[in-house]
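Visitor: Got a structure for you, written out below as structure tokens; questions coming shortly.
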Amino acid sequence: MKKPNKFFSSFFKKNLLFLIVVGILIILEAFLFLLYGGGVSNIASYFKKSNPNVTGILLFYGNNCLHCVNVDNFIKNNKVEDKVKFTKLEVFNNVKNSNILADKAQICGINPQQIGVPFLWDGKNCIIGDVDVIKFFQQKITKKP
Numbered sequence: 028m029k030k031p032n033k034f035f036s037s038f039f040k041k042n043l044l045f046l047i048v049v050g051i052l053i054i055l056e057a058f059l060f061l062l063y064g065g066g067v068s069n070i071a072s073y074f075k076k077s078n079p080n081v082t083g084i085l086l087f088y089g090n091n092c093l094h095c096v097n098v099d100n101f102i103k104n105n106k107v108e109d110k111v112k113f114t115k116l117e118v119f120n121n122v123k124n125s126n127i128l129a130d131k132a133q134i135c136g137i138n139p140q141q142i143g144v145p146f147l148w149d150g151k152n153c154i155i156g157d158v159d160v161i162k163f164f165q166q167k168i169t170k171k172p
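Counting the sequence shown from 1 gives a position; this note's numbering is that position plus 27.
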């Protein structure tokens with residue numbers, strides 16, 4: 028019977044915990060890559076704080092959101108973008124924008140499970156739903172200077 032090499036035996040005994048942790052991390056990264064399509068880097072971007080440079084009136088919307096289409100049609104038909112300065116942020120496909128939305132909702136005390144779009148932040152208040160967002164813009168465009 029052949030004796031195991033003392034160097035390798037000693038190395039594995041001393042570094043067994045390290046090797047197990049590295050193995051688990053490799054498996055976890057592979058799992059996250061398959062699950063989230065970008066691995067840890069994609070997940071890390073989800074937890075990053077939102078961009079503090081986004082200020083003013085913010086209109087959050089989602090692609091293929093029917094209520095968002097109602098607001099967009101109102102904006103186009105009434106040339107709201109020519110009369111009111113605001114920033115549109117898509118949240119269904121943009122993690123950073125959805126984080127900004129969550130930050131604004133939190134300021135208003137809105138439960139994250141109750142956040143929907145269209146969602147408007149005017150700098151102080153949260154306005155949710157196509158009817159109320161359209162009312163907001165109607166007031167802005169009909170307001171006398």
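From the three backbone atoms N, C-alpha and C, an ideal C-beta is built for every residue, glycine too. All values derive from a computational prediction rather than experimental measurement.
1. Which same chain residues, not among the five before or five after residue 157, have their C-beta less than 6 Å away from its C-beta?
2. Which word fits residue 160, buried or exposed, when buried means at least 16 other C-beta atoms lie within 10 angstroms of its C-beta?
3. Identify every run of the alpha helix (DSSP H) within the segment 112-137, keeping only runs that are complete inside it and at least 4 residues long; order them along the chain.
4. Which first and last residues belong to the beta strand (DSSP E) in which residue 153 is found?
5. Just reading off the alpha helix (DSSP H) that residue 99 is part of, what are its end residues?
6. Taking the alpha carbon of residue 149 as the reference point, which residue from 140, 169, 115 and 47 has its own alpha carbon closest?
7. For the pair the segment 42-53 and the segment 101-108, tell me if three or more CB-CB distances fall below 8 Å.
Guide: The short version:
1. Start at 1 with the first residue of the sequence shown, and residue 157 comes out as number 130. The answer, listed in chain order, is 94, 97, 98 and 145.
2. To locate residue 160, count along the sequence shown from 1; it is residue 133. With 16 or more other Cβ atoms from the protein chains shown falling within 10 Å of its own Cβ, residue 160 counts as buried.
3. Correct list: 122-134.
4. Taking the first residue of the sequence shown as 1, we reach residue 153 at position 126. Its beta strand (DSSP E) spans residues 153-155.
5. The count along the sequence shown starts at 1 and reaches residue 99 at position 72. Run containing residue 99: 93-104, per the alpha helix (DSSP H) assignment.
6. Along the sequence shown, one-based indexing puts residue 149 at 122. That would be 115, whose Cα lies nearest to the Cα of residue 149.
7. no
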